[in-house]
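**Student:** Pasting a structure below so you can have a look.
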Amino acid sequence: LSVSWNYNGSRIVTSCKDKIFRVIDPRTSEVIQSGTGHQGGKPARAIYLRDGRIFSTGFSKMAERQYAVWDE
Numbered sequence: 004l005s006v007s008w009n010y011n012g013s014r015i016v017t018s019c020k021d022k023i024f025r026v027i028d029p030r031t032s033e034v035i036q037s038g039t040g041h042q043g044g045k046p047a048r049a050i051y052l053r054d055g056r057i058f059s060t061g062f063s064k065m066a067e068r069q070y071a072v073w074d075e
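Residue 25 in our numbering sits at position 22 of the sequence shown; the count goes up by one each step and never skips.
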């Protein structure tokens with residue numbers, strides 16, 4: 004499990020064992036956006052960058068290290 008707040012505290016990004024990244028509005032607990040993340044067996048991590056994009060790191064099914072930058 005990975006949790007990160009955005010720069011102004013209006014959004015949270017999470018990564019979970021189900022391999023889905025979720026962007027959540029903490030004021031309403033609503034999932035604003037979700038998408039499939041890295042598919043490997045090891046845990047993935049996601050953090051907000053200062054410009055509002057999301058940086059994630061994880062592994063492929065073949066255990067290769069992956070990273071990605073996502074627009075919110």
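All C-beta atoms, glycine included, are put in the ideal place defined by N, C-alpha and C.
Note that the structure is predicted; figures quoted are calculated from it, not measured.
Identify which residue in Arg30, Gly38, Asn11 has its Cα closest to the Cα of Ser18.
**Tutor:** The residue given as residue 18 occupies position 15 in the sequence shown. Checked all of Arg30, Gly38, Asn11; the closest Cα to Ser18 is Gly38.
**Student:** So Lys22 packs on Gln42, CB below 8 Å; how close in whole Å?
**Tutor:** Start at 1 with the first residue of the sequence shown, and residue 22 comes out as number 19. Start at 1 with the first residue of the sequence shown, and residue 42 comes out as number 39. Contact holds; Cβ gap of about 6 Å.
**Student:** Are Ala49 and Ser5 close, meaning C-beta to C-beta below 8 Å?
**Tutor:** Here residue 49 refers to the residue found at position 46 when the sequence shown is read from its first residue. Here residue 5 refers to the residue found at position 2 when the sequence shown is read from its first residue. Closer than 8 Å, so yes.
**Student:** Quick check on Thr39: does DSSP put it in helix, strand or coil?
**Tutor:** Looking up residue 39 in the sequence shown gives position 36. Residue state, collapsed to three classes: strand.
**Student:** Could you give the first and the last residue of the continuous beta strand (DSSP E) run that contains Ala49?
**Tutor:** For the purposes of this step, residue 49 is taken as the residue at position 46 of the sequence shown. Unbroken beta strand (DSSP E) run through Ala49: 48–51.
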